[in-house]
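Per the working numbering, the sequence shown starts with residue -15, numbered consecutively.
Structure first, then comments.
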Amino acid sequence: MPEPKRDIGINAEAKPDDERREQALRRLSDSMMITLGAEFAQVSNRRLLEQGYFSKLHLHWPILHQHTFQSKPQPEQLVQAVVVAGLWMTGTTKARQLAESHHDKIVEIQCENSSMLDQQSDIFNAPRPEFLAFFQSIMISTILLTYRAANGIPGAVVDNKRLLRLTVYSKRLYRLFNNAGVFDQQRIDAENPLDPIVREQYQRIAIMLFKAFVHLNALLITHLPKFRLLDYFDPAMLNVRVPSSQEIWNASNKDHLQDVDGRALIGSLFTGDTNNLTYQTLTSISACDFSTGMILGCFNKRQPDEPLLELMGRVSPFLAWHFNIQASEESRIEYDDES
-15 MPEPKRDIGI
-5 NAEAKPDDER
5 REQALRRLSD
15 SMMITLGAEF
25 AQVSNRRLLE
35 QGYFSKLHLH
45 WPILHQHTFQ
55 SKPQPEQLVQ
65 AVVVAGLWMT
75 GTTKARQLAE
85 SHHDKIVEIQ
95 CENSSMLDQQ
105 SDIFNAPRPE
115 FLAFFQSIMI
125 STILLTYRAA
135 NGIPGAVVDN
145 KRLLRLTVYS
155 KRLYRLFNNA
165 GVFDQQRIDA
175 ENPLDPIVRE
185 QYQRIAIMLF
195 KAFVHLNALL
205 ITHLPKFRLL
215 DYFDPAMLNV
225 RVPSSQEIWN
235 ASNKDHLQDV
245 DGRALIGSLF
255 TGDTNNLTYQ
265 TLTSISACDF
275 STGMILGCFN
285 KRQPDEPLLE
295 LMGRVSPFLA
305 WHFNIQASEE
315 SRIEYDDES
């Protein structure tokens, strides 16, 4: 005789069905939408802002597959994250102020919804394809928050709301990704057996979250040196395959089914399971994103007695240029502003 069904709201053991997942995802996505100004409604402006995103932010944080994003309809929440980040990347004071106004609203809503994500951890418990855009949009907001935190932070802790928010925000995102299996290649493969593009995008958001985590520690050292450095995200947890090179990833006609199984797991660099292929693995990571390869190389060479503060000192040269994005007047992207 089947066991009586308990209240679904408190039954953490009940497996959520497709309908419940779809409803939860729709509710969260809708709640995180904001109203953008009229200048964002123009197709030409959106294209320019997308160009700003892919020509600047994407170079250092290649989490999206550009051809897929631009050739297929995308969830509006992801589009909003891209165009707001693209607007901030234009470099003009007016554009950044507008982008920051929208970004503040997005981050505020996402922080408010983090408790809902914790309550529905049984729903967001696997790296399913329908969750990818939702995770990517949150990741882009986190990356932009990292850039903003690095720009003109006041010295007083009480005024340092942006950096403190980034600290909390990153931990919640780490917890969400960890629960969803984003750091586990076996779970990624199991949920996306027929779509190598989705699989690799999951690999990339896992790696880029670690990179953002390292950036956050660097910011804490610079602006809040009395804070204890964060150590909850060990690179050995990155049990995802090395992504393809930047050249392959940006090629629209590449067959991504090739050479996927032969790539090493990044976490194996820190468990002694690379079979003397450490240099080759780090070189492949650098071909995907140079600074990430160098950062992981520094972690790989860390001695057991090396304090995290000293390690961050070795890593810091590979972080600095990410924030050197003040475009010249000639290279700035101009968009129609009717306000």
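Every residue gets a Cβ at the ideal spot worked out from N, C-alpha and C, and that includes glycine.
Fair warning: this is a prediction, and the values are worked out from it, not measured in the lab.
In three-state terms, what does DSSP make of ASP106? coil
Could you check whether VAL68 and LEU20 sit closer than 9 Å to each other, using their CB atoms as the reference points? yes
What are the boundary residues of the alpha helix (DSSP H) that SER277 is part of? It should be pointed out that residue 277 corresponds to Gly in this sequence rather than to Ser. Where GLY277 is concerned, the enclosing alpha helix (DSSP H) starts and stops at 274 to 284.
Which residue or residues does DSSP assign as beta-bridge partners of ASP168? ASN223
DSSP on LEU200, reduced to helix/strand/coil? helix
Compute the Euclidean distance between the alpha carbons of ALA134 and LEU208, then round it to the nearest angstrom. 12 Å
CB-CB length for ALA271 against GLY251, believed under 8 Å: Actually they are not in contact, since the Cβ atoms of ALA271 and GLY251 sit about 19 Å apart, beyond 8 Å.
Three Cβ pairs or more, each shorter than 8 Å: is that satisfied between the segment 30 to 50 and the segment 225 to 236? Taking 8 Å as the limit for Cβ pairs, the verdict is that the segment 225 to 236 does touch the segment 30 to 50.
Check whether the Cβ atoms of GLN170 and GLN187 sit closer than 9 Å, and answer yes or no. Going by C-beta atoms, GLN170 is not nearer than 9 Å to GLN187.
Among residues of its own chain, excluding the 5 on either side of SER18, which ones have a beta-carbon nearer than 8 Å to its beta-carbon? One point to set straight first is that residue 18 is Ile, not Ser, in the sequence displayed. Taken in chain order, the residues that qualify are GLN64, HIS86, LYS89, ILE90, ILE93.
Find the nearest neighbour of ILE127 within the set GLN81, VAL198, ASP179, judged by alpha-carbon distance. VAL198
Contained alpha helix (DSSP H) runs [length at least 4] in the segment 34 to 102, N- to C-terminal order: 50 to 55, 60 to 72
Contact set for ALA8: own chain, Cβ-Cβ below 7 Å, skip 5 residues either direction: GLN104, ILE107
Given 8 Å, three or more beta-carbon pairs between the segment 105 to 125 and the segment 77 to 84: no
For PHE302 and THR276, what's the separation of their Cα atoms in angstroms? Approximately 8 Å between the Cα atoms of the pair.
Using only the alpha-carbon positions, how far apart do PRO59 and ARG286 sit? 41 Å
Minimum C-alpha distance to ALA304 - residue among LEU280, LEU203, LYS210, ASP218: LEU203
Can we count LYS155 as close to the ligand SAM, meaning its CB is less than 8 Å from some heavy atom? Among the components modelled here there is no ligand, and therefore nothing to report on the ligand SAM.
Pick from GLU184, THR206, ASP215, LEU293: whose alpha carbon is nearest that of VAL226? GLU184
DSSP beta-bridge partners for LEU249? ARG225
Should ASP14 be labelled buried (16 or more other beta-carbon atoms within 10 Å of its own) or exposed? exposed
For ASP215, which of SER39, TYR158, ASP2 has the nearest alpha-carbon? TYR158
Excluding five sequence neighbours on each side, which residues of the same chain lie with their C-beta closer than 7 Å to the C-beta of THR52? ILE181
Any beta carbon from chain C within less than 9 Å of SER228's own beta carbon? Absent from the structure is chain C; it holds one protein chain and no more.
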